[in-house]
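In my numbering, the protein residues as written are 58 to 345. Every residue gets a Cβ at the ideal spot worked out from N, C-alpha and C, and that includes glycine. Let me begin by presenting the structure, written as structure tokens, before commenting on it.
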Amino acid sequence: MSLLLPLDDRDGVIWLNGKLAAWRDAKVHVLAHSLHYGNAVFEGERCYGGTVFKLREHSQRLLDSAKLVAMDIPYTVDEIDAATRLVVRENGLDSGYVRPIAWRGAEAIGVSAAGTKVHLAVAAFPWPAYYGGPSIALKTSRWKRPSPESAPTAAKCAGLYVICTMARDEAVAAGADDALMHDYRGQVAEATGANLFFVMPDGTLHTPTADCFLNGLTRQTVIELARGQGVTVVERAIWPEEVRQAREVFVTGTAVEVTPVGRIDAQDFPVGPVTKRLQDAYAKLVRA
Ligand code: PMP
């Protein structure tokens, strides 16, 4: 399957509400509730050699995200796992990306979701590299991550990505690869679809506490890998002025895996040994 084809005009199948649909027929109506009110929840998964890494955890997070936005997905975690395996197999996908999404349909309109049905689809397609190069440049965004009192920040919910899309597109327009976002308190939060790590001068690895953004599965995996390598990992509030002391910086995420950050705003960072070791360890683990 070509990477350049539009996402709605490809061969293959998409799992849609319990059945495999022809790729081009997997459509939603313009009056779907989630299109208007942003309450869809989704996942981003990668498969390696035909196997989805941490499939169970992703399917469970989809159900958890739905709960956080008061949406009941009418499938169990086992059924979502099975649907995902089926769609990867039926599309003959060896390595690529999987996108499950649950949304409220066009059964009712208005801010209230009462009367809407929850629909679920799982699509799988090739997506080799999220960023263009071996390391990335980040630009600090004017957009701030909201407080958990203002948004369901632990959910992977479509509406939360409105500011991420604007932040990333503004960063790219300014010549960077992605945005570095602060939170409502002014603390360093994350990139627009990936978590942040800093290797500090004493060799310890610091990452912002995930209390108002997604505690990424890759973030959790990398913390375990680092501890296994004898690296001290500290989860704490990180303030923007501390960033310049970092010896190495990298981002983690299912799509981005472990990607070194070579620049933040005007400051360059070398791609160092801690990042390289974790990058290698992650690459090995996902293919194990
Ligand atoms: N933060 C955001 C906003 C994301 O979209 C993602 C990608 N799902 C992540 C962090 C990383 O999460 P994970 O490692 O589970 O992919």
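Report the three-state DSSP secondary structure of residue i (helix, strand or coil).
i, result
"residue 347", "Since the first and last residues shown for the chain are 58 and 345, residue 347 lies out of range."
"residue 213", "coil"
"residue 289", "coil"
"residue 263", "strand"
"residue 311", "coil"
"residue 295", "coil"
"residue 164", "coil"
"residue 320", "strand"
"residue 157", "strand"
"residue 304", "coil"
"residue 234", "coil"
"residue 130", "coil"
"residue 112", "helix"
Below 8 Å on the Cβ atoms is my guess for residue i versus residue j; work out the distance and round it to an integer in Å.
i, j, result
"residue 308", "residue 263", "Actually they do not touch by this definition, with Cβ atoms about 14 Å apart."
"residue 90", "residue 165", "7 Å"
"residue 313", "residue 326", "That pair is no contact at about 16 Å."
"residue 198", "residue 227", "7 Å"
"residue 195", "residue 295", "In fact, because the Cβ distance is near 14 Å, the residues do not count as touching under 8 Å."
"residue 331", "residue 279", "Residue 331 to residue 279, Cβ: 11 Å. No contact."
"residue 180", "residue 156", "5 Å"
"residue 182", "residue 218", "Between residue 218 and residue 182 the Cβ distance is about 19 Å, and since that is not below 8 Å, they are no contact."
"residue 269", "residue 122", "Residue 269 to residue 122, Cβ: 15 Å. No contact."
Of the choices the options, whose alpha-carbon is the least far from that of residue i?
i, options, result
"residue 189", "339, 68, 232", "232"
"residue 266", "312, 247, 112, 199", "247"
"residue 114", "135, 129, 72, 222", "135"
"residue 344", "103, 79, 75", "103"
"residue 100", "222, 158, 178, 175", "158"
"residue 120", "88, 71, 216, 177", "177"
"residue 87", "340, 161, 245, 335", "161"
Mind checking whether residue i and residue j have CB atoms under 8 Å apart?
i, j, result
"residue 234", "residue 249", "no"
"residue 303", "residue 257", "yes"
"residue 241", "residue 276", "no"
"residue 133", "residue 112", "no"
Sort out for me which residues DSSP pairs residue i with in a bridge.
i, result
"residue 86", "In the DSSP output, where bridge partners are listed per residue, residue 86 has none listed."
"residue 375", "The chain is shown from 58 up to 345; residue 375 falls before or after that span and cannot be answered."
"residue 202", "240"
"residue 252", "309"
"residue 98", "159, 214"
"residue 72", "77, 179"
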